[in-house]
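**Student:** Structure in structure tokens, see below.
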Amino acid sequence: MRIILYTGKGGVGKTSISAATALQSAKQGLKTLVMSTDPAHSLGDSFGIKLSSEPLEIRENLWAQEINTIYEMEKGWGKLQKYITLLFTSKAADDITTEELTMFPGMEDLISLLRVLDYYKQNTYDVIIIDCAPTGETLAMLSFPDMLSWWMEKLFPIKRKVLKVVRPVAQPLLGVPLPTDDIMDELTNTLEQLGEMRDILSNREITSIRIVVNPEKMVIKEAQRSFTYLNLYDYNVDAIMINRVIPNTVTDPYFQAWKDTQKKI
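Okay, so the sequence shown: first residue is 97 according to the working numbering, each after it adds one.
Structure below.
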């Protein structure tokens with residue numbers, strides 16, 4: 097299986113290039129899934145169809161989906177979602193909804209990574225193309241496994257042992273529910289899965305990252321920083337995709353100023 101991630105500054109054309117790559121892959125006879133992890137989805141707009149959080153076959157060998165975090169929480173994170181809701185509602189205002197409570201920062205990153213891991217284990221597709229959120233969010237997503245693996249190795253075992261001892265006494269005093277063994281087991285499983293995903297993302301024979309840029313100074317500067325950051329994490333950046341280059345064959349005076357600017361960069 098091949099996993100290809102497209103990232104870059106917002107508005108550079110990641111979604112269009114992801115969709116085009118997926119179409120070309122499907123034409124070659126490869127079972128291809130293109131998925132959007134950007135909360136502001138536009139993948140469906142590229143294909144002119146409405147997508148959901150489940151893969152939809154849109155043509156031969158091609159499936160597409162837009163990750164919906166709330167849907168994923170309800171589908172596969174029942175115990176954890178109930179605990180988070182119970183934890184916050186014990187102290188929170190009555191008008192806060194379940195969805196607002198469970199959508200804590202980083203949840204989109206976590207769910208997206210675990211969904212990719214599921215597809216990898218199922219081996220349903222030959223190629224998975226990921227239309228990522230803008231650069232900052234993508235970098236946060238890719239660093240998520242490393243951050244949580246440290247927490248799991250250093251702090252999680254200690255915290256679990258302490259909870260077993262103090263739970264009967266502390267829970268009545270604190271007035272908030274402490275996680276049960278079932279919840280801790282679910283967290284342990286999640287952290288182990290993230291470790292697996294880290295191995296997949298860093299495997300150069302499986303995963304590659306492609307940075308999409310426009311010929312603009314700000315975009316290029318951000319791409320340079322992203323390239324450095326990704327290499328520090330030992331991720332495989334195998335291509336820089338330059339989008340919106342105006343070719344010399346375009347002679348309309350309307351585009352001349354843009355062409356002159358692009359030549360200077």
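Note that CB positions come from ideal geometry on N, CA and C, so glycine has one too.
Locate the beta strand (DSSP E) running through Tyr102, then write down its first and last residues.
**Tutor:** Looking at the DSSP string, the run of the beta strand (DSSP E) that includes Tyr102 is 98–103.
**Student:** Do Ile207 and the ligand NAD come close, with the Cβ less than 8 Å from some heavy atom?
**Tutor:** Judged by which ligands are present, the structure shown has none, so any question about the ligand NAD falls away.
**Student:** In whole angstroms, give me the CA-to-CA distance for Arg155 and Arg294.
**Tutor:** 31 Å
**Student:** Taking buried to mean at least 16 other C-beta atoms within 10 Å of its own C-beta, is Lys359 buried or exposed?
**Tutor:** exposed
**Student:** Which whole-angstrom value describes the C-beta separation of Gly106 and Pro230, a residue pair presumed to lie in contact below a C-beta threshold of 8 Å?
**Tutor:** Contact check for Gly106 and Pro230: beta-carbon distance about 4 Å, within the 8 Å limit, so the pair qualifies.
**Student:** Drop a sphere of 10 angstroms on the beta-carbon of Ile361, count the other beta-carbons inside from all chains shown, and report buried for 16 or more, exposed for fewer.
**Tutor:** exposed
**Student:** Does the region 332–341 touch the region 121–137, meaning 3 or more C-beta pairs lie closer than 8 Å?
**Tutor:** no
**Student:** Within a Cβ cutoff of 7 Å, which residues of the same chain sit near Asn157, ignoring the five residues on either side of it in sequence?
**Tutor:** Ala122, Gly125, Leu126, Lys127, Thr128
**Student:** Is Leu206 buried or exposed, if buried means 16 or more other CB atoms sit within 10 Å of its CB?
**Tutor:** buried
**Student:** Which whole-angstrom value is the C-beta distance of Leu297 and Leu238, which I expect to be below 8 Å?
**Tutor:** Confirmed, about 7 Å.
**Student:** Could you check what DSSP says for Asp222 in three-state terms: helix, strand or coil?
**Tutor:** coil
**Student:** Could you tell me whether the region 299–313 touches the region 335–354, using the rule of 3 or more Cβ pairs below 8 Å?
**Tutor:** yes
**Student:** Between the beta-carbon of Ala319 and the beta-carbon of Gly144, is there less than 9 Å?
**Tutor:** no
**Student:** So Ser149 packs on Tyr167, CB below 8 Å; how close in whole Å?
**Tutor:** 4 Å
**Student:** Spatial neighbours of Lys146 within its chain, please: CB distance less than 7 Å, with the 5 preceding and 5 following residues excluded, ordered by chain position.
**Tutor:** Gly140
**Student:** Is Thr117 closer than 9 Å to Ile224 when the C-beta atoms are compared?
**Tutor:** no
**Student:** Taking the continuous beta strand (DSSP E) assigned at Ala335, which residues delimit it?
**Tutor:** 333–338
**Student:** So, Ile71 versus Met337, is the Cβ gap smaller than 9 Å?
**Tutor:** Residue 71 lies beyond the residue range present for the chain, which begins at 97 and ends at 361; the question has no answer from this structure.
**Student:** DSSP puts Ser132 in a beta bridge; with which residues?
**Tutor:** Glu162, Asp227
**Student:** Tell me whether Ile154 sits in a helix, a strand or coil according to DSSP, three-state version.
**Tutor:** strand
**Student:** With a Cβ-Cβ cutoff of 9 Å, do Ile316 and Tyr102 count as a contact?
**Tutor:** No.
**Student:** Please confirm whether Asp227 and Thr345 have their CB atoms less than 9 Å apart.
**Tutor:** no
**Student:** Whose CA, out of Ile342, Tyr221, Asn285, lies closest to the CA of Glu153?
**Tutor:** Of Ile342, Tyr221, Asn285, the smallest CA-CA separation from Glu153 is found for Tyr221.
**Student:** Where Glu204 and Asp348 are concerned, what is the direct C-alpha to C-alpha distance, given to the nearest angstrom?
**Tutor:** 43 Å
**Student:** For Thr324, which option in Ala136, Val212, Leu235, Arg98 has the closest C-alpha, if you only look at C-alpha atoms?
**Tutor:** Leu235
**Student:** Starting from Arg300, follow the beta strand (DSSP E) in both directions and report where the run begins and ends.
**Tutor:** Here Arg300 belongs to no beta strand (DSSP E), and DSSP marks it neither H nor E.
**Student:** Since Ile163 and Arg98 should fall inside the 8 Å C-beta cutoff, what is the C-beta to C-beta distance between them, to a whole number of angstroms?
**Tutor:** Incorrect: roughly 19 Å between the Cβ atoms, too far for contact.
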